[in-house]
Ligand code: SF4
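Residue numbers (this note's numbering): 4 to 365.
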């Protein structure tokens, strides 16, 4: 507990808050900072960070929630696979309630009789496959660089043990290409990025170097209140001095080179490919597909499920919110017809979704 207490220390928090207010007065104009991590989104809401920031410092959320950025078309494809006879479709819990085309979801499909199972780990998915040799087991792999190495490990284990009735539907995504896309978005005016702690523990600090090249601040931060406020203060300092660089506030978890073993594992099994992001469109090299050596485990090839274009639900502004150009409160459905109990869009599903965090904490 000592470690956590240090990062929730009240006196330290007060001093950081005062420093941030001093820095903001010195800047003397409005600044917008973006966090690109669902865990930050949740922590910022939970600790009321926005409420203690100066008026001229705006903290917005970007495409940091894996469930939220999964496109309607990818959800549609998951539904098509899960609806096939003889298929056991496995995924992590957050995906279950994500609304797909026509408001359909894996949860609703399960209620109609499809065999959709929530798993807590890839090992559990593999066990389902070995326990059910007469069924085809699909695992929907979702998430950023943090979760992908365990999925890569699952595929390697299946190959080694000859588990032939297991396949992967990969909608994995990479964070740096999404930040590149945001930097190229002329509608979005961001002065600095609070970079994701968990993802950076895997990829290290180097992949963010394109941010300072665009004269924007970049600070990797942890998830406790002191981490976040210190991260904000470090960003403001870069803006004040005009010396933009990638700084690492979360040194206790993030090393400059990241976790090389996890990256090697990921690169051995997956290769980058274009990927459709909700709100951001298709971003080159931002998704991960299985390398040819492992393509026999590719659920898309195994089931030949066509890709169809779907629009997001009418009135839902998730796309704008994920780009950082709208807030949940601007959506006419927020807290009316869209609630965590009955979500219209994916940003209201996961607790890391921007709409869910605003619903709960604002
Ligand atoms: S409130 Fe609901 S409908 Fe509106 S943007 Fe958020 S998730 Fe979409």
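Every residue gets a Cβ at the ideal spot worked out from N, C-alpha and C, and that includes glycine.
Can you give the Cα-Cα distance for residue i and residue j, rounded to whole angstroms?
i	j	result
residue 328	residue 228	25 Å
residue 265	residue 144	16 Å
residue 362	residue 338	7 Å
residue 211	residue 200	12 Å
residue 176	residue 294	15 Å
residue 202	residue 268	15 Å
residue 253	residue 235	13 Å
residue 263	residue 159	17 Å
residue 330	residue 321	9 Å
residue 69	residue 50	22 Å
residue 151	residue 132	20 Å
residue 22	residue 53	15 Å
residue 332	residue 340	13 Å
residue 260	residue 188	28 Å
residue 168	residue 119	16 Å
residue 63	residue 38	6 Å
residue 216	residue 237	17 Å
residue 191	residue 184	10 Å
residue 357	residue 342	12 Å
residue 61	residue 193	10 Å
residue 248	residue 7	28 Å
residue 174	residue 14	43 Å
residue 334	residue 365	15 Å
residue 246	residue 270	33 Å
residue 130	residue 239	49 Å
residue 122	residue 312	28 Å
residue 296	residue 153	18 Å
residue 65	residue 209	20 Å
residue 336	residue 12	38 Å
residue 134	residue 81	22 Å
residue 3	residue 274	Nothing in the structure corresponds to residue 3, since the chain is present only between 4 and 365.
Using a threshold of 8 Å, state whether the C-beta atoms of residue i and residue j are closer than that.
i	j	result
residue 195	residue 36	yes
residue 74	residue 241	no
residue 40	residue 67	yes
residue 325	residue 71	yes
residue 285	residue 84	no
residue 258	residue 225	no
residue 117	residue 92	yes
residue 186	residue 214	yes
residue 155	residue 292	no
residue 102	residue 348	yes
residue 300	residue 161	yes
residue 89	residue 112	no
residue 360	residue 10	no
residue 157	residue 128	yes
residue 276	residue 204	no
How would you call residue i, buried or exposed, if buried means at least 16 neighbouring beta carbons within 10 angstroms?
i	result
residue 149	buried
residue 47	buried
residue 124	exposed
residue 243	exposed
residue 298	exposed
residue 77	buried
residue 146	buried
residue 251	buried
residue 289	buried
residue 136	exposed
residue 43	buried
residue 33	exposed
residue 164	exposed
residue 170	buried
residue 126	exposed
residue 17	exposed
residue 172	buried
residue 139	buried
residue 310	exposed
residue 180	buried
residue 346	buried
residue 281	buried
residue 305	buried
residue 230	buried
residue 316	buried
Exercise. Does the pairing of the region 352 to 361 with the region 85 to 101 give three or more beta-carbon distances under 8 Å?
Worked result: yes
Exercise. Counting Cβ pairs closer than 8 Å, one from the region 102 to 111 and one from the region 221 to 241, do we hit at least three?
Worked result: no
For this session: Examine the Cβ distances between the region 55 to 63 and the region 18 to 36 and report whether three or more of them are shorter than 8 Å.
Result: yes
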